[in-house]
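Notes for the one structure printed next.
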Amino acid sequence: NAGVTQTPKFQVLKTGQSMTLQCAQDMNHEYMSWYRQDPGMGLRLIHYSVGAGITDQGEVPNGYNVSRSTTEDFPLRLLSAAPSQTSVYFCASSQTPIRGWGSPLHFGNGTRLTVT
Amino acid sequence: KNEVEQSPQNLTAQEGEFITINCSYSVGISALHWLQQHPGGGIVSLFMLSSGKKKHGRLIATINIQEKHSSLHITASHPRDSAVYICAVRLGNFNKFYFGSGTKLNVKP
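Protein chains in written order, with this note's numbering: chain A, 40 to 155; chain B, 361 to 469.
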């Protein structure tokens with residue numbers, strides 16, 4: 040059981056380039072989410088989804104796009120990379136929290152992105 | 361303003377010591393999560409609480425809903441417990457999580 044798989048693990052981009060961070064889960068979780076982790080700050084929610092075809096913005100959505108065409112995949116797109124997007128990105132999934140008080144979050148191993 | 365505050369930010373302990381990490385939050389929540397981030401970066405879920413107390417091995421997590429406070433205790437700490445411990449809350453009926461900035465624990469042999 041692979042859980043949550045994130046690719047790539049490391050990426051270096053130049054300012055203005057675009058790229059897609061991949062996230063896939065094999066647990067049939069409806070809820071998927073993207074976070075960025077910066078030094079001295081907690082994980083911050085970028086975008087989330089409660090099912091295929093449904094996405095919504097989190098705290099820090101600017102500069103990022105998402106789509107959810109299948110239950111398994113939730114890619115995060117950087118449209119035009121900026122140095123401020125240098126961070127570690129995590130994808131997480133769980134059974135949808137709207138049923139009862141939720142279930143544990145399962146995290147991918149993270150993607151370390153540097154924008155020069 | 362951070363909805364979730366953790367203390368201390370850094371903690372050094374000797375092997376065998378009893379450790380407490382605190383988490384306070386300022387919003388209504390439906391659940392609180394304790395997470396562990398390993399030195400290699402991976403994050404795993406330790407506990408999910410909506411009331412009371414949970415225990416798993418040497419780890420104990422408690423929550424006081426009225427005081428908006430939770431604690432994570434580690435009994436008989438061991439160097440392998442060295443990690444960053446993160447508190448996260450899920451707001452009410454919303455599908456959003458807010459995270460504390462983490463407590464970096466170093467247990468010395």
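Beta carbons: idealized from backbone N, C-alpha and C, even for Gly.
For the segment 70–94 of chain A, residues whose beta-carbon sits nearer than 7 Å to a beta-carbon of chain B comprise 70, 79, 80, 81, 82, 84, 87, 89. Nearest C-alpha to residue 410/B among 449/B, 418/B, 391/B, 403/B: 391/B. Out of 384/B, 370/B, 465/B, the CA that lies nearest to the CA of residue 438/B is found in 465/B. By the neighbour-count criterion, in which 16 or more other beta carbons inside 10 Å mark a residue as buried, residue 118/A falls on the exposed side. As for any beta strand (DSSP E) of minimum length 3 sitting wholly inside the segment 441–466 of chain B, the runs are 443–451, 457–459, ordered along the chain. Counting other Cβ atoms within 10 Å of its Cβ, residue 146/A reaches 16 or more and is therefore classed as buried. Partner residues in a beta bridge of residue 80/A, as assigned by DSSP, do not exist. Distance from the Cα of residue 379/B is smallest, within the candidate group 419/B, 455/B, 449/B, 424/B, for 419/B. The alpha-carbon of residue 110/A is positioned some 15 Å away from that of residue 73/A. By the criterion of a C-beta distance shorter than 6 Å, residue 127/A is surrounded in its chain by 76, 149, 151, once the five residues flanking it on both sides are discounted. Under the Cβ distance rule, residue 105/A does not count among the residues neighbouring chain B, no pair being separated by less than 9 Å.
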